[in-house]
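Working notes, beginning with the structure itself.
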Amino acid sequence: MSATRPEASPPTIFVLEDEPDIARLICSSLTEYGFRCEHLTTGRQLLQRARQQTPDLCIVDLGLPDMDGMQVVRELQDGSPCAVLILTGRNDVTDRVLGLELGADDYIVKPFEPRELVARVRSILRRYQRSAPPETSAAEKTVARFAGWTFDGGRLTMTAPDGREVNLSAAEASLLAVLLRRPNKIFSREQLLGERDVDPFDRSIDVRISRLRRKLDDDPQNPRLIKTVYGAGYLFAAQVSWE
1 MSATRPEASP
11 PTIFVLEDEP
21 DIARLICSSL
31 TEYGFRCEHL
41 TTGRQLLQRA
51 RQQTPDLCIV
61 DLGLPDMDGM
71 QVVRELQDGS
81 PCAVLILTGR
91 NDVTDRVLGL
101 ELGADDYIVK
111 PFEPRELVAR
121 VRSILRRYQR
131 SAPPETSAAE
141 KTVARFAGWT
151 FDGGRLTMTA
161 PDGREVNLSA
171 AEASLLAVLL
181 RRPNKIFSRE
191 QLLGERDVDP
201 FDRSIDVRIS
211 RLRRKLDDDP
221 QNPRLIKTVY
231 GAGYLFAAQV
241 SWE
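Using the UniProt record's numbering, read the sequence shown as starting at 1 and increasing by one per residue.
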C-alpha cells in the first residue's frame, strides 16, 4: 500500500463480494464517505487486479464462487500486500482468528451496519498512515536494524542474523514499524489498534504480536524483543537504528 498520496486523491478500496445487493450497499456507503471503490466478484479477478494496482485496502468476502476467501487473503499478502478487512457470514471465532493469522487487519460479520463498516475501514487506514514514514527526508529511512535483524518496511521483509529472509504481511509490517519507531515505549492495545474503545474480546493485536514473535524467533514464554507489560500493553525491548 502506498505510504503517500496527493491530498485530493481518495483511498482506493477493492470490494470482493459476489452478492450484488451487498456489494452495492458497501460501495455506496464507502463512496458517500469519500472512498473510491472497485467491485470484483471472484477471487481470481481481485488477485489479478491487485497485481495491476495495489489498493489501499481490500474488503474480502469469505464465501466466493471460485475459491475460498481465506486463500484470497493468503495470496494477497504473498503477492500484493495491502490492508485487508474480512467480510464474513461465518460467525465462528476459529475463522476470525485464522483470517488474522493470514494477515487480515480486521473482520466484520454479516449482517453489518454500514456505518460500522466505514468506521472499521477508517480505523485500519489510520493505523497504516500512522506507521508510514513522515513525508520529509526521514521518509527514506525505511530500514531498521535491531538485535542482528534488519527490517525493510518498503519490501515487507526481515533479514535474520543468519541471513534468512522472512516475509511479513502488510499488517505485521505496519505493527512492527510502530513498535520499532518508539522502542522501549509501552503501547496499549488501543493505541496499536488506533481505537479509543476496544472490545475486551478483540484479540487481533495479540494474534499479530504472536505471529511477529514466531517470525523473530522470540520465545513467547520468555520474549526478549516484544515484551508483554501485563495490564498495560507491549513494548519493543531493543536498541533500533534507522537508515
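Just so it is clear, CB atoms sit at the ideal spot from N, CA and C, and this is done for glycine as well.
The structure presented is a predicted model; accordingly, all values stated were derived computationally and were not measured.
For my contact list, Ile86 and Leu62 are in at a C-beta cut-off of 8 Å; report their separation, rounded to the angstrom.
What you label residue 86 is simply residue 86 of the sequence shown in a count that begins at 1. What you label residue 62 is simply residue 62 of the sequence shown in a count that begins at 1. Contact flag correct, Cβ pair sits at about 6 Å.
Closest to Asp56 by CA distance: which of Ser80, Pro65, Gln48, Glu75 is it?
Here the question's residue 56 lines up with position 56 in the sequence shown. Among Ser80, Pro65, Gln48, Glu75, the Cα nearest to that of Asp56 belongs to Ser80.
Whole angstroms is fine: what's the gap from Asp18's alpha carbon to Val93's?
Taking the sequence shown and counting its residues from 1, the one referred to as residue 18 is at position 18. Taking the sequence shown and counting its residues from 1, the one referred to as residue 93 is at position 93. Near 23 Å, if we compare the C-alpha coordinates of Val93 and Asp18.
Assuming Ile226 contacts Leu179 (C-beta within less than 8 Å), just tell me the rounded distance between them.
If you number the sequence shown from 1, residue 226 lands on position 226. If you number the sequence shown from 1, residue 179 lands on position 179. Indeed, because the Cβ distance is near 7 Å, the residues count as touching under 8 Å.
Under the three-state DSSP convention, the category Pro134 falls into
Against the sequence shown, residue 134 aligns to sequence position 134. Here Pro134 scores only 42 on pLDDT, less than 50, and its place in the model is too uncertain to base an answer on.
CA-to-CA distance, Leu175 to Gln239, given in whole angstroms:
Looking up residue 239 in the sequence shown gives position 239. Looking up residue 175 in the sequence shown gives position 175. Answer to the nearest angstrom: the Cα atoms are 17 Å apart.
Does the contact criterion of 3 or more C-beta pairs under 8 Å hold for the stretch 206 to 214 versus the stretch 107 to 123?
no
3-residue-minimum beta strand (DSSP E) runs that sit fully inside the UniProt domain "Response regulatory" (12 to 125), ordered along the chain:
12 to 16, 36 to 40, 57 to 61, 83 to 88, 106 to 109
Any chance the CB of Ala177 is under 7 Å from a heavy atom of the ligand ATP?
The ligand ATP is not part of this structure, which contains no ligands at all.
Straight-line Cα distance separating Ala173 from Lys48
Indexing the sequence shown from 1 puts residue 48 at position 48. Indexing the sequence shown from 1 puts residue 173 at position 173. Before going further, note that residue 48 is Gln rather than Lys in the sequence given. Approximately 23 Å, taken between the alpha carbons.
For the alpha helix (DSSP H) that Ala177 lies in, which residues bound it at each end?
For the purposes of this step, residue 177 is taken as the residue at position 177 of the sequence shown. Run containing Ala177: 170 to 181, per the alpha helix (DSSP H) assignment.
Quick one, which of Ala160, Ile22, Val229 has its alpha-carbon nearest Lys110's?
If you number the sequence shown from 1, residue 110 lands on position 110. Closest by alpha carbon: Ile22.
Buried or exposed: which applies to Gly148, given that a residue is buried once 16 or more other Cβ atoms fall within 10 Å of its Cβ?
Locating residue 148 in the sequence shown gives position 148, counting from the first residue. Burial call: exposed.
Tell me whether Val229 is buried or exposed, calling it buried when 16 or more other Cβ atoms sit within 10 Å of its Cβ.
As a position in the sequence shown, residue 229 is number 229, starting the count at 1. Classification of Val229: exposed, given that the 10 Å Cβ count is below 16.
Reduced DSSP category for Ser204 - H, G, I as helix; E, B as strand; rest coil:
As a position in the sequence shown, residue 204 is number 204, starting the count at 1. Helix, per DSSP.
Along the chain, where does the alpha helix (DSSP H) containing Arg189 start, and where does it finish?
Here residue 189 corresponds to residue number 189 of the sequence shown, with the count starting at 1. Arg189 -> alpha helix (DSSP H) spans 189 to 193.
For Thr31, count neighbouring Cβ atoms within 10 angstroms of its own Cβ and tell me buried if that reaches 16, exposed if not.
For this step, residue 31 is matched to residue 31 along the sequence shown. Flag for Thr31 reads exposed.
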